[in-house]
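Every position in the sequence shown, counted from 1, becomes a number in the numbering used here once 5 is added.
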Amino acid sequence: KREFRSAWVATVWALDWPRDANDNEANGMNAEVQKASMIRMLDSLKRNNFNAVNFQVRSMCDAMYKSSYEPWSSYLTGTRGKAPSYDPLQFVVEECHKRGMECHAWVNPYRFSTGANWTTAADNKLREDGHLLTYGSTIILDPAQQWTIDRITDVCREIITNYDVDGILYDDYFYPDGIPS
């Protein structure tokens, strides 16, 4: 029987990545710094017998990959919607597979923002079309709308069609904390 020994690589708020060589937040830094940081992380995981990475590719209705649905993540370039000079998901998939490790795309289906005021055209359209719910400082896609279900399905289909990922994971922050029952 094969064990699944995986690590979660959180990109939201640059918690795990992108980081620089000194473990400082590396959003907005050049692609080579970001790539080197990922290579160090993957090499360490491989040395410690991990065989899979759960790479967060959609943390706040954004993307760590070229998407026709979501704007590029601000954690890559410092500006939401600004494309980096490389495709991070493609890079991570290739680097994982070079090491004999699986790469699973980790998708946060609903979280849009926890305080930031995103203003890309795609973000403004979500607001204008009434697809967002706000509770305190947290904004999520409305999970009761068929549009949301279709959007998440489309996002996942786009990932598995365009990337050689070994799986899709949903996890983390489905609903805002503290909503009374």
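Each residue gets a CB set at the ideal place from its N, CA and C atoms; glycine is no exception.
Roughly how many angstroms lie between the CA atoms of alanine 57 and histidine 102, to the nearest whole one?
9 Å
What are the boundary residues of the beta strand (DSSP E) that alanine 110 is part of?
107-112
Any chance you could list the alpha helix (DSSP H) runs of at least 4 consecutive residues sitting entirely within the segment 76-152, in chain order?
79-82, 93-103 and 126-133
Check the C-beta distance from serine 78 over to alanine 88 and give it rounded, since I have them as a contact under 8 Å.
Contact flag wrong, Cβ pair sits at about 10 Å.
Pick out whichever of Glu107, Val170, Ile44 and Leu81 has its Cα sitting closest to the Cα of phenylalanine 9.
Glu107
Answer yes or no: do isoleucine 145 and phenylalanine 117 have a C-beta to C-beta separation smaller than 7 Å?
yes
Can you tell me whether glutamate 37 is buried or exposed, with buried defined as 16 or more other CB within 10 angstroms of its CB?
exposed
Given 8 Å as the limit, is there contact between the segment 90-99 and the segment 114-134, that is, 3 or more CB pairs closer than that?
no
Given a cut-off of 7 Å on the beta-carbon distance, is the pair arginine 104 and leucine 47 in contact?
yes
Contact belief for alanine 15 with valine 62 at Cβ below 8 Å, rounded distance in angstroms:
Alanine 15 to valine 62, Cβ: 11 Å. No contact.
Residue span of the beta strand (DSSP E) that contains valine 62, given as start and end
57-63
Thinking C-alpha only, which one of Leu81, Ala127 and Leu50 is nearest lysine 40?
Leu81
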